[in-house]
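As numbered in the numbering used here, residues 29 to 203 make up the sequence shown, in order.
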Amino acid sequence: MRRRPRSEDEACNDCSQHALRPCHLLSALCMMAFTFAAFCYMLALLLTAALIFFAIWHIIAFDELKTDYKNPIDQCNTLNPLVLPEYLIHAFFCVMFLCAAEWLTLGLNMPLLAYHIWRYMSRPVMSGPGLYDPTTIMNADILAYCQKEGWCKLAFYLLSFFYYLYGMIYVLVSS
């Protein structure tokens, strides 16, 4: 007895055939659940890109100060407005991951959040928000500290970016 040729729909229902057909890909995509944790990781990826930009800006600004390319007043006027947005974005990450019950991710972000809180609470007395005082920024110790801080934050944000990418993929696939 000769078998009749099967249609593509019948072939897709047959589990013995594991060919990559459009219906298999569509069903695999439909099985991925878009959860709040996945949304948190996606938003964290986008905002971490902004934080990486802030860290690079920070490093370049202090290198310009070190080489006397810019004066301290202008540099502090451009750096101080970036401090609160950076800290608030990072605090927003922590709140998001707390609400999503992503404990490992929250735990990885808590040391930097604690540092940000300590750094802002121990800032010099100034009239506006920010960390950098033009009268003390050219001190060699403070300048070196700020440069190291910028490089450490850049490393943290880059590692976080790839961790958030992994976390997003893991949450999407495992849901």
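Positions of the beta carbon are idealized from the N, C-alpha and C atoms, including for glycine.
Does the beta-carbon distance from residue i to residue j come in below 8 Å?
i	j	result
Leu-171	Glu-114	no
Tyr-192	Thr-106	no
Pro-139	Val-111	no
Leu-73	Met-196	yes
Thr-63	Ser-203	yes
Tyr-160	Cys-104	yes
Leaving out the 5 sequence neighbours to the left and right, which residues in its chain are closer than 7 Å to residue i when beta-carbon positions are compared?
i	result
Ala-65	Ala-128, Glu-130, Val-199
Gly-178	Ala-83, His-86, Ile-87, Phe-90
Arg-147	Leu-159
Met-70	Met-196
Contact check, residue i vs residue j under 8 Å by CB: the rounded distance?
i	j	result
Leu-182	Ile-117	That belief does not hold up - the Cβ atoms of Leu-182 and Ile-117 are roughly 15 Å apart, past 8 Å.
Here's a check: name, in chain order, each residue in its chain whose Cβ is nearer than 8 Å to the Cβ of residue i, leaving out the five neighbours to either side.
i	result
Asn-137	His-118, Phe-121, Cys-122, Phe-125, Ser-188
Leu-134	Cys-122, Phe-125, Leu-126
Lys-94	Leu-171, Gln-175
Leu-141	His-118, Ala-119, Cys-122
What residues in its chain sit with their C-beta under 6 Å from that of residue i, if we drop five residues either side in the sequence?
i	result
Pro-100	Pro-162, Ile-165, Met-166
Cys-43	Confidence is the limiting factor: at Cys-43 the pLDDT is only 48, short of 50, which leaves the residue's position unreliable, though a coordinate-based value still follows. Cβ within range, chain order: n/a, list empty.
Lys-98	Glu-92
Problem set entry | alpha helix (DSSP H) segments (min. 4 residues) lying fully within the stretch 73 to 104 | none
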